[in-house]
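*Asks:*
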Amino acid sequence: MSYQKIENLKEQAFSKIKAAQNSADLYQVKVEFTGKNGRLTEIMKDMAGLSKEERPLFGKKVNEVKSEFEDAYLAREKTLKTQEINQKIQAEALDLSLPGSLSAPGTIHPIQRVTEEICQIMSRLGYSLRTGPMIEKDYYNFEALNIPADHPARDMQDTFFVDPTHVLRTHTSPIQIHSLDREKPPLRILGTGPVFRCDSDISHLPNFHQIEGMCVDRQVSMADLKGSISFFVREFFGPGLKTRFRPSFFPFTEPSAEVDCSCPICLGKGCALCKQSGWIEIGGSGLINPKVLLGSRVSYPEWQGFAFGFGIERMAIIKYGIDDIRHFPENDVRFLRQFKI
Ligand code: PHE
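With the first letter of the sequence shown counted as 1, position 16 gets the number 79 in my numbering; the numbers rise by one all the way through.
#1: Span of the beta strand (DSSP E) holding Asp323?
#2: Do the CB positions of Thr194 and Gly254 come within less than 8 Å of each other?
#3: Measuring alpha carbon to alpha carbon, tell me which of Tyr202, Thr178, Gly163 ends up nearest Leu192.
#4: Give me the Cα-Cα distance between Glu365 and Glu206, rounded to the nearest whole angstrom.
#5: Starting from the N-terminal side, write out each stretch of the beta strand (DSSP E) that is 3 residues or longer and does not extend beyond the stretch 324-357.
#6: Using only the alpha-carbon positions, how far apart do Gln183 and Leu161 sit?
#7: Report yes if the CB atom of Val322 is closer than 8 Å to the CB atom of Thr306, and no otherwise.
#8: Compare the beta carbon distance of Leu350 and Gly368 with 8 Å and say whether it is the shorter of the two.
#9: Examine the ligand PHE and report whether any of its heavy atoms sits within less than 7 Å of the Cβ of Glu275.
#10: In this structure, what does DSSP give as the bridge partners for Met277?
#11: How about Thr255: is its Cβ closer than 7 Å to a heavy atom in the ligand PHE?
#12: I think Ile106 touches Ile80, with their Cβ atoms under 8 Å apart; what is that distance to the nearest whole Å?
#13: Measure the CB-CB distance between Asp213 and Cys261 and report whether it falls below 8 Å.
#14: In whole angstroms, what separates the C-alpha of Glu393 from that of His172?
#15: Give me the residue from Glu116, Gly122, Phe391, Tyr90 with the minimum Cα distance to Ile270.
#16: Below 7 Å, is the gap between the Cβ of Ser291 and the nearest heavy atom of the ligand PHE?
#17: Give the straight-line distance between the Cα atoms of Pro248 and Ala335, rounded to the nearest whole angstrom.
#18: Since Met197 contacts Pro257 with CB under 8 Å, what's their CB separation in whole angstroms?
#19: Enumerate in chain order the residues of its own chain whose CB-to-CB distance from His241 is below 6 Å, with the five nearest sequence positions on each side excluded.
#20: Under the three-state reduction of DSSP, which class applies to Ile148: helix, strand or coil?
#21: Apart from the five residues on each side of it in sequence, which residues of its chain come closer than 8 Å, Cβ to Cβ, to Leu342?
#22: Candidates Arg245, Phe132, Ile174, Gly101: which alpha carbon is nearest Ile413's?
#23: On the DSSP bridge list, what partners appear for Leu231?
#24: Would DSSP call Leu192 helix, strand or coil?
Okay, structure coming up:
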């Protein structure tokens, strides 16, 4: 009778193990049969009603069934756990066919690009880059560049005054003076950065950028200046472009010349950009006025020099055919994206 009971229990337990669909259900089967109050545990109580001879046989049988139960349980557990892990992996798997969430890469601002390109070209002639403060002492922006107080030349550049002795620099030429102050000739330097003038229309910004070059050496002539700038224009705008120098005036250069290059858009034939003249003005230049050199304690004529200054927005407008200077500070990505490398 009791043996039959054990067999029945075993059958029930095995079929429940088989039927369990997940490890939590399976664990409930374990609790039901071999737990503290489990049915296989409880059956031991039947021993009390058995004879002395039957008891050990009965005990042995129960233990056998328990151990078979344990084996079947572990095997099923292994199967279910593997199944569950596989299901989990599948549920959490990445769908590589979905489009990724891209963060839009930035582009180098055209002003920065043009600056870097100019530096690269001029570095081949031995120039290296300097910067200076945007708030300048009156001395560096004007005095040391031979523009004394009340000199009419100050009217050429409408100045933002910070206080009576400090200005927002109106050009990058003060960087020349910082270099002459600190460094010993021979010198070939570029100075670049933002400059400020009280001016604003379709071709002028109150805050624009310049790049300045200065060469100080033992014998420097207009021929050196013209050769260096012509080289630069051909490298920057294109090999066929001509350079033209027109007499001009700057207090810090003598003689001075305005630099024009043949229009890179129409190649000199005449178009809207060059106002039908075939030429485009790109900046100012000249031999450094001896007063500037001597004022910075550079001995002249032992050392002589030339300098030039270009507007970077202007260079970019010419190179890329941009119609309005105000595009540069607006930061409209539709404009900026066109300058992707
Ligand atoms: N600093 C001058 C300007 O801003 C340009 C210039 C630079 C002219 C160097 C001559 C030499 O107008």
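C-beta: ideal position from N, C-alpha, C; glycine also.
*Replies:* According to the structure shown:
#1: 316-325
#2: yes
#3: Thr178
#4: 23 Å
#5: 342-351
#6: 43 Å
#7: yes
#8: yes
#9: yes
#10: Ile252, Ala370
#11: no
#12: Contact flag wrong, Cβ pair sits at about 18 Å.
#13: no
#14: 11 Å
#15: Rather than Ile, the amino acid found at residue 270 in this sequence is Asn. Nearest option by C-alpha distance: Phe391.
#16: no
#17: 43 Å
#18: 6 Å
#19: Gly195
#20: helix
#21: Residue identity check: residue 342 is Trp in the sequence provided, not Leu. Taken in chain order, the residues that qualify are Arg307, Asp323, Cys324, Ser325, Cys326, Gly331.
#22: Nothing in the structure corresponds to residue 413, since the chain is present only between 64 and 404.
#23: Ile198
#24: strand
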